[in-house]
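First up is the structure itself, then whatever we jot down about it.
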Amino acid sequence: MAAADRTTASRDRSLATFAGLAIALFGLPSLSGATRALRIDLHPLVTIAAQWALLGLVVGIAIGIEGRSLRSLGVRRPSRRDAVPLLVAAVFGFLALAATGPLIDALGLPERRVTGLDIDRVGVEVAVASAITIGVVEEALYRGYAIERLAEYTGSARLAGGLSVAAFTLSHAVGWRLGDLLQVSLAALVFTLVYLYRRSLVPVVGAHIAIWLFGVLGAVYG
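Below you can see the structure in the form of structure tokens.
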């Protein structure tokens, strides 16, 4: 009976991990796709709350069902060793987004040429909250949870990182164009490489937030 119970518990944890991966990889694009398909214009604060809810669901699965700790999502205590990787991720992540314009033009790829921050409509405070939310939620889902669980399934952190980059890029295909996706894929590659180097969310979350906050400042003072 005990062996059967252990088998059942193991199967339940595997199913929970599968569900967690599905939410981590497809939750955000599903939310965006559903609002577009239904032509629902969510208030920015509602969108922010929904993004945090998705992260909360994944964290709940990891801790409550899988029986893991926050370290299994890449959560580590910040240290001085995170400073250089954070700076590298911020600089090269920004360059991936801002310095690829000539390449996109040369390839003739369509792009939106917008930052995604409608500050005139939502206000600076909400834009800052959105920047922080995007940085934390996307990195925790795609870099933390997804890479760690995919690495366990595949036995390869590099393969897990590649799958994460692909999923992150495709998640932006809802409402984004080919030129934008090229930029997103390059930024995702930068964040993934830094995460695999440190196996910590601290530098990638910090860099991701910094890039979006730079966009907020550019929209306000540019």
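Residue numbers (our numbering): 9 to 230. Backbone N, C-alpha and C define an ideal beta-carbon position, used for all residues, glycine too. The structure presented is a predicted model; accordingly, all values stated were derived computationally and were not measured.
Could you check whether residue 63 and residue 145 sit closer than 9 Å to each other, using their CB atoms as the reference points? Position 137 of the sequence shown, counted from the first residue, corresponds to residue 145. Position 55 of the sequence shown, counted from the first residue, corresponds to residue 63. Contact: yes.
Taking 9 Å as the cut-off, decide whether the C-beta atoms of residue 46 and residue 58 are in contact. Residue 46 sits at position 38 when you count from the first residue of the sequence shown. Residue 58 sits at position 50 when you count from the first residue of the sequence shown. No. Outside cutoff.
Residue nearest to residue 100 in terms of C-alpha spacing, selected from 155, 110, 27 and 194: One-based indexing of the sequence shown puts residue 100 at position 92. The residue with the shortest Cα to Cα distance from residue 100 is 194.
So, helix, strand or coil for residue 211, using DSSP? Walking along the sequence shown from the start, residue 211 turns up at place 203. In this structure, residue 211 counts as helix in the three-state DSSP scheme.
Can you confirm whether the segment 165-177 touches the segment 200-212 when touching is taken to mean that 3 or more C-beta pairs between the two stretches lie within less than 8 Å? yes
Among the residues of its own chain, which have a CB less than 7 Å from the CB of residue 76, if the five just before and after it don't count? On the sequence shown, position 68 is the one that residue 76 refers to. Cβ neighbours of residue 76 beyond the five flanking positions: 70.
Buried or exposed: which applies to residue 110, given that a residue is buried once 16 or more other Cβ atoms fall within 10 Å of its Cβ? Position 102 of the sequence shown, counted from the start, is the residue given in the question as residue 110. Burial call: exposed.
For the alpha helix (DSSP H) that contains residue 205, what are its first and last residues? Taking the first residue of the sequence shown as position 1, residue 205 is located at position 197. Residues 186-206.
Quick one: is residue 176 buried, meaning 16 or more other Cβ sit within 10 Å of its Cβ, or exposed? Looking up residue 176 in the sequence shown gives position 168. Its Cβ being crowded by 16 or more others within 10 Å, residue 176 is buried.
How would you write the range of the alpha helix (DSSP H) that residue 113 sits in, first residue to last? Locating residue 113 in the sequence shown gives position 105, where the first residue counts as 1. Here the alpha helix (DSSP H) through residue 113 covers 109-115.
Which ranges does the alpha helix (DSSP H) cover as unbroken runs of at least 4 residues, wholly within the segment 43-89, from first to last along the chain? 52-68
Go through its chain and collect everything with a Cβ distance to residue 37's Cβ below 7 Å, but skip five positions before and after it. Stepping through the sequence shown from its first residue, residue 37 is reached at position 29. 179 and 182.
When you measure from the CB of residue 38 to every non-hydrogen atom of the ligand GTP, does any distance come out below 8 Å? Absence of the ligand GTP from the depicted structure is noted, as is the absence of any ligand whatsoever, leaving it without description.
Does DSSP put residue 9 in a helix, a strand or coil? Indexing the sequence shown from 1 puts residue 9 at position 1. For residue 9, the predicted model reports a pLDDT of 44, less than 50, meaning its position is unreliable; a value from the coordinates is still stated below. Coil at residue 9, not helix or strand.
C-alpha distance - residue 154 paired with residue 219, whole-angstrom precision: Position 146 of the sequence shown, counted from the first residue, corresponds to residue 154. Position 211 of the sequence shown, counted from the first residue, corresponds to residue 219. About 22 Å.
Would you check if the distance between the CB atom of residue 148 and the CB atom of residue 82 is smaller than 9 Å? As a position in the sequence shown, residue 148 is number 140, starting the count at 1. As a position in the sequence shown, residue 82 is number 74, starting the count at 1. Their beta carbons are under 9 Å apart, which means residue 148 touches residue 82 by this criterion.
Cβ neighbours of residue 93 in the same chain (closer than 7 Å, five flanking residues each side left out): Looking up residue 93 in the sequence shown gives position 85. Cβ within range, chain order: 202, 205, 206 and 211.
Does the separation of the CB atoms of residue 56 and residue 134 fall below 9 Å? Here residue 56 corresponds to residue number 48 of the sequence shown, with the count starting at 1. Here residue 134 corresponds to residue number 126 of the sequence shown, with the count starting at 1. It is a contact, given that the beta carbons lie within the stated cut-off.
Please report the distance separating the alpha-carbon of residue 19 from that of residue 200. By one-based count along the sequence shown, residue 19 stands at place 11. By one-based count along the sequence shown, residue 200 stands at place 192. Spanning the two alpha carbons is a distance of roughly 29 Å.
Cα-Cα separation, residue 60 to residue 137: Taking the first residue of the sequence shown as 1, we reach residue 60 at position 52. Taking the first residue of the sequence shown as 1, we reach residue 137 at position 129. Between residue 60 and residue 137, the C-alpha separation is close to 11 Å.
For residue 141, collect the residues of the same chain with a Cβ closer than 7 Å to its Cβ; drop the 5 residues on either side in sequence, then sort them by chain order. One-based indexing of the sequence shown puts residue 141 at position 133. Excluding sequence neighbours, residue 141 sits near 56, 59 and 60.
Applying the criterion that 16 or more other CB atoms from any shown protein chain within 10 Å of the CB defines a buried residue, is residue 89 buried or exposed? Mapped onto the sequence shown, residue 89 falls at position 81. Residue 89 is exposed by the Cβ-count criterion.
Do residue 118 and residue 72 have their CB atoms nearer than 9 Å? The residue you call residue 118 lines up with position 110 of the sequence shown. The residue you call residue 72 lines up with position 64 of the sequence shown. Taking 9 Å as the Cβ cut-off, residue 118 and residue 72 do not qualify as a contacting pair.
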